[in-house]
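Visitor: Have a look at this one.
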Amino acid sequence: MKRKSFFGILIMLFMFIMLVTLPNQVKATDQMIEKGKQLYIQSRDLYYNNENDYLEIENILKESEAIFVEIEEGLEKYYWQAQIYLLLGEMAETREDKKIAEKRYSESQKLIKKALEYNENDSDSVRLLGVTYIKLMKYKSVFYRMKNSSKTKELSKKAIELDSKNYKAQIALSMFYIYTPKSVGGDIDKVIEGLNKALLSEDYYERFLAFGWLGFAYKKKNLNNFTKQYVDKALEIFPNSLWVNSILEDK
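Next up, the structure:
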């Protein structure tokens with residue numbers, strides 16, 4: 000009887016420890032995810048507003064990635080790692096380092112596919128996969144482009160079907176219509192329609208992208224008054240943006 004009582008006490012003690020520590024572990028993980036996200040957002044904003052040198056921004060991104068490496072396997076881990084590598088690809092592209100840009104975009108695509116293994120219907124992961132395809136188009140073979148040319152369109156539409164308020168997906172779909180030749184589906188009017196939907200977002204970064212791409216779209220239509228109007232709106236958010244400032248400069 001004494002032996003049974005002893006083991007019973009041990010089991011009760013073990014269960015008590017699990018009940019006390021498990022919530023703390025979950026809370027710690029949530030805190031780590033939030034810290035990693037904020038470091039990524041800090042890096043993204045510095046990049047888009049052309050602040051700090053790229054080495055410093057990359058160091059912040061490495062700090063963010065180190066956090067996501069540590070957390071348990073799952074959708075959020077791989078989604079945010081994919082976001083980090085996409086931004087690193089954009090930074091390499093700005094430096095005209097094509098080899099590194101392609102490598103980082105490919106890594107982003109690999110990571111977001113892993114995220115989708117945990118939830119194939121996660122709207123923003125579906126959207127991000129579509130973005131990786133359009134980012135990789137310029138670096139891949141003609142066969143790759145022919146095979147995957149409609150992926151961004153299909154995945155962006157799916158992301159919007161899964162979440163009608165996924166404004167980043169509206170922007171991604173607009174990117175497809177911008178970069179696709181008119182003969183195979185490109186359509187500036189559809190770009191403008193989608194980006195105006197994205198302006199319903201309350202997120203400053205999403206609004207910045209929508210304003211910037213609207214300026215770009217109206218530039219394509221030679222409507223310079225509208226171009227300046229939307230470029231100015233984008234620059235209210237990130238005044239030093241190289242991309243947005245270049246829209247007015249491009250002839």
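Per numbering that gives the first Met the number 0, the sequence shown runs over residues 0 to 250. From the three backbone atoms N, C-alpha and C, an ideal C-beta is built for every residue, glycine too.
Kindly list the residues whose CB is nearer than 6 Å to the CB of Tyr-77, restricted to its own chain and excluding five residues on each side of it in sequence; keep chain order.
Guide: Correct list, in chain order: Leu-110, Lys-113 and Ala-114.
Visitor: Which two residues bound the contiguous alpha helix (DSSP H) that contains Thr-226?
Guide: Start and end: 223-236.
Visitor: If you run the structure through DSSP and keep just helix, strand and coil, what is Gly-184?
Guide: Residue state, collapsed to three classes: coil.
Visitor: Pull up the distance between the alpha-carbon of Pro-22 and that of Val-183, whole angstroms please.
Guide: Interpretation of Pro-22 is limited by its pLDDT of 48, a score under 50 that renders its predicted location unreliable; no figure is taken from the coordinates.
Visitor: Figure out for me which residue from Met-31, Gly-35, Tyr-46 and Gln-41 has the closest Cα to the Cα of Pro-252.
Guide: With the chain covering only 0 through 250, there is no way to say anything about residue 252.
Visitor: Helix, strand or coil, according to DSSP, for Glu-71 in the structure here?
Guide: It is coil, neither helix nor strand.
Visitor: Could you tell me the alpha carbon to alpha carbon distance between Gln-24 and Glu-71, rounded to whole angstroms?
Guide: Note on Gln-24: pLDDT 41, under 50, position unreliable in the model; the coordinate value appears next. When rounded, the distance between both Cα atoms is 11 Å.
Visitor: On a CA-only basis, which of Ser-42, Met-174 and Phe-67 is nearest Ile-59? Give me that one, please.
Guide: Closest option to Ile-59, Cα to Cα, is Ser-42.
Visitor: Leu-54: buried (16+ other C-beta within 10 angstroms of its C-beta) or exposed?
Guide: Exposed: under 16 other Cβ atoms inside 10 Å.
Visitor: Using the three-state DSSP reduction, which class does Thr-151 fall into: helix, strand or coil?
Guide: In this structure, Thr-151 counts as helix in the three-state DSSP scheme.
Visitor: Do Leu-135 and Ser-105 have their C-beta atoms closer together than 8 Å?
Guide: A contact, by the Cβ cut-off of 8 Å.
Visitor: Kindly indicate the opening and closing residues of the alpha helix (DSSP H) around Met-174.
Guide: 166-178 is the extent of the alpha helix (DSSP H) around Met-174.
Visitor: Using CA coordinates, which residue listed in Phe-67, Glu-57, Ile-170 and Asp-123 is at the minimum distance from Thr-28?
Guide: Out of Phe-67, Glu-57, Ile-170 and Asp-123, Phe-67 has the C-alpha closest to the C-alpha of Thr-28.
Visitor: Could you check whether Leu-213 and Ile-187 sit closer than 8 Å to each other, using their CB atoms as the reference points?
Guide: Going by C-beta atoms, Ile-187 is not nearer than 8 Å to Leu-213.
Visitor: So Glu-201 is in the alpha helix (DSSP H); what residue range does that whole segment cover?
Guide: No alpha helix (DSSP H) contains Glu-201, which DSSP labels as neither H nor E.
Visitor: Assuming Arg-94 is part of the alpha helix (DSSP H), what are its boundary residues?
Guide: Taken as a continuous stretch (DSSP letters only), Arg-94 belongs to no alpha helix (DSSP H), as it is neither H nor E.
Visitor: Output yes if chain D places a C-beta closer than 8 Å to the C-beta of Ser-42; else output no.
Guide: Absent here is chain D; the protein component of the structure consists of one chain.
Visitor: Beta-carbon within less than 6 Å of Leu-194's beta-carbon, same chain only, minus the 5 sequence neighbours each way: which residues are those?
Guide: If we look at Leu-194 and ignore the five residues flanking it on each side, its Cβ neighbours are Ser-173, Ala-209, Trp-212 and Leu-213.
Visitor: Going by CA-CA distance only, name the one from Arg-206, Lys-167, Asn-223 and Asn-224 that's closest to Leu-234.
Guide: For Leu-234, the nearest C-alpha among the options comes from Arg-206.
Visitor: Closer than 8 Å by C-beta to Tyr-138: which residues in its own chain qualify, once you throw out the five before and the five after it? Chain order, please.
Guide: Excluding residues within five positions, the ones whose Cβ falls inside 8 Å are Lys-97, Ala-100, Glu-101 and Tyr-104.
Visitor: DSSP three-state call for Asp-29: helix, strand or coil?
Guide: Three-state result, Asp-29: helix.
Visitor: Could you check what DSSP says for Ser-163 in three-state terms: helix, strand or coil?
Guide: Reduced to three states, the DSSP call for Ser-163 is coil.
Visitor: In its own chain, which residues sit with a C-beta less than 7 Å from the C-beta of Phe-175, not counting the 5 before and 5 after it?
Guide: Around Phe-175: Ile-133, Thr-151, Lys-152 and Ser-155.
Visitor: Considering only C-alpha positions, which residue in the set Ser-63, Tyr-204, Ser-240 and Ser-140 is nearest to Ile-83?
Guide: Nearest C-alpha to Ile-83: Ser-63.
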